[in-house]
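Step one of this worksheet: look at the structure below.
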Amino acid sequence: MTERTIRAAGGVLWRDRADGGIEVALAHRSRYDDWSLPKGKLDRGEHPLAAACREVVEETGIRPVAGRRLASTRYSVPVDGVLAGKLVDYWSMRAQGGEFVPNDEVDALTWTPPEDALGAVTYRHDRTVLAGFLALPVHTTSLVLVRHAKAGSRVDWRGDDADRPLDEVGRRQARRLAEILPWFGPRRVLSAGKVRCVETVRPTAAALGLDIEIDPRWNEERDREPAVAALRDLAATGEPAVVCSQGGLIPEVLAALAEEDGLDLGSTKTRKGTAWALTFAGRRLVAADHLGADAA
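For this note's numbering, count along the sequence shown from 1 and bump the result up by 30.
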């Protein structure tokens with residue numbers, strides 16, 4: 031019999047200290063009398079990243095800005111008298127604002143240097159996540175590179191291909207992305223000039239109250255070098271951003287970044303309506319995560 035799997039998500043919530051260091055939040059749950067990273071179960075149809083951020087807000091009262099993806103943990107928990115598997119996905123999250131108020135889940139919150147947190151958490155799997163958090167620079171910039179959503183058949187479209195709009199599935203994918211991408215705290219939304227690209231990020235831009243900046247460097251007819259340089263320039267500003275491009279350009283850009291910065295991304299194939307969350311330390315790519323728009 032296949033073991034039932036419970037999906038959950040959470041984060042390593044961190045903030046700067048006055049002395050130049052950082053500290054992370056640990057939650058105390060009175061029900062279990064434990065100290066752990068904030069996390070919780072996914073709602074039905076919820077994307078893991080959205081669930082992770084929602085749970086951090088609910089448990090800590092603090093709104094996070096999502097960064098790079100961290101380790102996922104697997105362990106067994108008792109459910110109705112039998113053991114079930116639990117899969118928890120984690121992200122690095124910078125504290126943006128808010129205040130902790132004791133609640134039904136968490137009765138105390140403490141901030142501690144991450145090295146001390148390794149010894150303070152109750153569970154080994156939390157130590158694994160914290161160790162991964164410490165393995166790369168903490169102060170990074172997130173750029174989300176999106177492939178436009180589905181836009182029907184090019185053959186069936188009678189007008190200029192640049193004007194081909196999203197179809198019903200594509201519009202649904204665009205709305206789904208708008209539930210996820212704002213958690214990265216983007217300050218800018220950029221797009222290739224194709225209508226289907228602009229429409230893909232329009233719901234995200236609306237949710238953020240931002241204009242969409244059209245940049246021809248993201249059109250797939252262009253060479254990859256200007257797009258690679260543009261991503262590094264964006265990263266150097268230190269401000270998160272969303273960029274929408276096309277399937278003929280994105281894999282080449284990712285491959286170039288990975289080769290130049292010594293990363294192994296595996297396949298860079300990107301389905302329509304999905305994205306890559308790229309983590310930069312300065313101008314250098316240090317991590318990349320393929321971020322599907324589908325629910326877990």
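Backbone N, C-alpha and C define an ideal beta-carbon position, used for all residues, glycine too.
Residues in the same chain with beta-carbon distance under 7 Å from residue i, minus the five sequence neighbours each way, listed in chain order, please.
{"i": "Leu72", "result": "Arg37, Ala38, Ala39, Pro78, Ala81, Ala326"}
{"i": "Thr140", "result": "Leu56"}
{"i": "Ser131", "result": "According to the sequence displayed, residue 131 carries Val and not Ser. For Val131, where only same-chain residues beyond five positions count, the Cβ hits under 7 Å are Gly91."}
Output the distance between the C-alpha atoms of residue i and residue j, rounded to the nearest integer angstrom.
{"i": "Asp197", "j": "Glu89", "result": "38 Å"}
{"i": "Gly91", "j": "Arg254", "result": "42 Å"}
{"i": "Arg313", "j": "Ser221", "result": "20 Å"}
{"i": "Ile244", "j": "Val86", "result": "34 Å"}
{"i": "Pro108", "j": "Ala138", "result": "25 Å"}
{"i": "Tyr62", "j": "Arg99", "result": "27 Å"}
{"i": "Thr103", "j": "Trp187", "result": "46 Å"}
{"i": "Cys83", "j": "Arg247", "result": "32 Å"}
{"i": "Arg93", "j": "Leu211", "result": "14 Å"}
{"i": "Lys302", "j": "Ser122", "result": "26 Å"}
{"i": "Gly182", "j": "Gly239", "result": "28 Å"}
{"i": "Arg59", "j": "Gly70", "result": "12 Å"}
Spatial neighbours of residue i within its chain, please: C-beta separation below 6 Å, excluding the five flanking residues on both sides.
{"i": "Ala311", "result": "Pro167, Thr170"}
{"i": "Ala235", "result": "Val219, Ile242"}
{"i": "Leu321", "result": "Ala305, Ala307"}
{"i": "Glu269", "result": "Arg217"}
{"i": "Val95", "result": "Arg124, Gln126, Gly215"}
{"i": "Leu113", "result": "Ser106"}
{"i": "Thr298", "result": "Pro281, Leu284, Ala285"}
For residue i, write down the residues that DSSP places opposite it in a beta bridge.
{"i": "Ile242", "result": "Val219"}
{"i": "Ala305", "result": "Val176, Leu321"}
Return the chain-ordered list of same chain residues with a C-beta closer than 8 Å to the C-beta of residue i, the five sequence neighbours on each side being excluded.
{"i": "Met31", "result": "Residue confidence is low: Met31 scores 42 on pLDDT, short of 50, so the model does not pin down where it sits. No coordinate-derived value is stated."}
{"i": "Pro68", "result": "Gly40, Gly41, Leu43, Ala55, Ala57, Glu85, Val86, Glu89, Thr90, Val136"}
{"i": "Leu117", "result": "Thr35, Ile36, Arg37, Ala38, Ser102, Thr103, Arg104"}
{"i": "Glu209", "result": "His77, Ala80"}
Quick check: is the beta carbon of residue i nearer than 8 Å to any beta carbon in chain E?
{"i": "Pro144", "result": "The structure shown has no chain E; it contains just one protein chain."}
Go through the segment 164-230 residue by residue and report every complete run of the beta strand (DSSP E) that reaches 3 residues or more, in order.
-> If we require 3 residues or more, the beta strand (DSSP E) runs fully inside the segment 164-230 come out as 171-177, 218-221.
Where in the segment 35-101 do unbroken runs of the alpha helix (DSSP H), each at least 4 residues long, occur, reported from the N-terminal end onward?
-> Those alpha helix (DSSP H) runs which fall completely within the segment 35-101 and span 4+ residues are 78-90.
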